[in-house]
Amino acid sequence: MKINQVEELTGIPKKNIRFYEDQKLVSPQRNLSNGYREYSMDDVALLNRIKLFRKLGIPIESIRKMETGEAQLDDCLYHQVHELKNSRQNIDQILSVCQEILSGQVCFDNIETEYYLDEIEKLEKGGTQFMNAGQEKRRQSVAAPIFFTGLIVLLMAALTTLIWYLNSIDPAPFGVVAIFTLIALAVCVGVIYACLERIKEIKGGELDEARHY
Numbered sequence: 015m016k017i018n019q020v021e022e023l024t025g026i027p028k029k030n031i032r033f034y035e036d037q038k039l040v041s042p043q044r045n046l047s048n049g050y051r052e053y054s055m056d057d058v059a060l061l062n063r064i065k066l067f068r069k070l071g072i073p074i075e076s077i078r079k080m081e082t083g084e085a086q087l088d089d090c091l092y093h094q095v096h097e098l099k100n101s102r103q104n105i106d107q108i109l110s111v112c113q114e115i116l117s118g119q120v121c122f123d124n125i126e127t128e129y130y131l132d133e134i135e136k137l138e139k140g141g142t143q144f145m146n147a148g149q150e151k152r153r154q155s156v157a158a159p160i161f162f163t164g165l166i167v168l169l170m171a172a173l174t175t176l177i178w179y180l181n182s183i184d185p186a187p188f189g190v191v192a193i194f195t196l197i198a199l200a201v202c203v204g205v206i207y208a209c210l211e212r213i214k215e216i217k218g219g220e221l222d223e224a225r226h227y
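What follows is the structure in structure tokens.
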């Protein structure tokens with residue numbers, strides 16, 4: 015069956031199905047005559063299991079390990095229960111601070127900011143994670159593609175500079191130099207475009223959607 019049919023059967027958007035394929039969680043067969051993906055009912059059942067585990071908040075890496083037999087379902091669920099209990103404690107602490115501020119009947123201009131920031135700092139030292147934790151993870155996710163893109167662009171720039179330098183010492187046909195320069199430029203444009211697309215996915219695309227499926 016085609017991906018549109020799988021989307022209807024599972025309720026999982028096509029973008030997320032492809033995301034799970036990229037993550038090697040599901041591997042549909044290819045039609046040898048046209049190269050299109052051909053999904054089976056086993057693929058549908060697997061995607062529904064993935065959907066269930068993602069709705070329970072189980073990480074993709076844990077699902078992959080269960081699928082390959084590296085981890086057992088019980089172990090992953092026990093770990094998830096532990097994580098959820100920690101999250102609940104974090105929420106209870108944040109809720110407590112919010113309720114304390116509400117009970118003080120203060121307004122935006124006269125809230126005791128330093129007092130509550132001190133309280134939050136104490137809670138953070140005790141292990142409570144406030145709302146900036148997710149933002150930090152997202153910044154770390156964005157940093158990797160930016161770093162590698164910058165590295166590739168620098169390498170291409172160095173290569174182009176070397177080519178023109180060597181050409182100034184021992185001139186080669188202009189067409190050859192131009193072709194190598196254009197190739198380096200095309201690589202730079204390609205990796206920059208891919209980096210921007212990846213950042214968009216991290217900030218609000220594929221990754222965020224996949225957390226819900």
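Count the sequence shown with the numbering used here and you get residues 15 to 227, in order. In this text, a Cβ means the ideal position worked out from N, Cα and C, and glycines have one as well. These numbers were taken from a predicted model, which means no experiment stands behind them.
If you draw a straight line from the Cα of Ala59 to the Cα of Ile108, it is about 39 Å long. In terms of Cβ geometry, Val95 and Tyr53 do not form a close pair [threshold 8 Å]. Under DSSP, Gln43 shares a beta bridge with Glu52. Of Asp106, Cys121, Ile193, the smallest CA-CA separation from Ile134 is found for Asp106. Here Asp57 is buried: its Cβ has 16 or more other Cβ atoms, across all protein chains shown, within 10 Å. Val167 and Leu173 have their alpha carbons spaced roughly 10 Å apart.
Around the beta carbon of Ile77, 16 or more other beta carbons sit within 10 angstroms, so the residue counts as buried. Here Phe188 is not near Ile177, since their CB atoms are 8 Å or more apart. Take the alpha-carbon of Cys209 and the one of Ala171: they are about 17 Å apart.
It is roughly 12 Å from the alpha-carbon of Phe162 to the alpha-carbon of Arg212. Cβ atoms of Ile17 and Arg51 come within 8 Å of each other, at about 6 Å.
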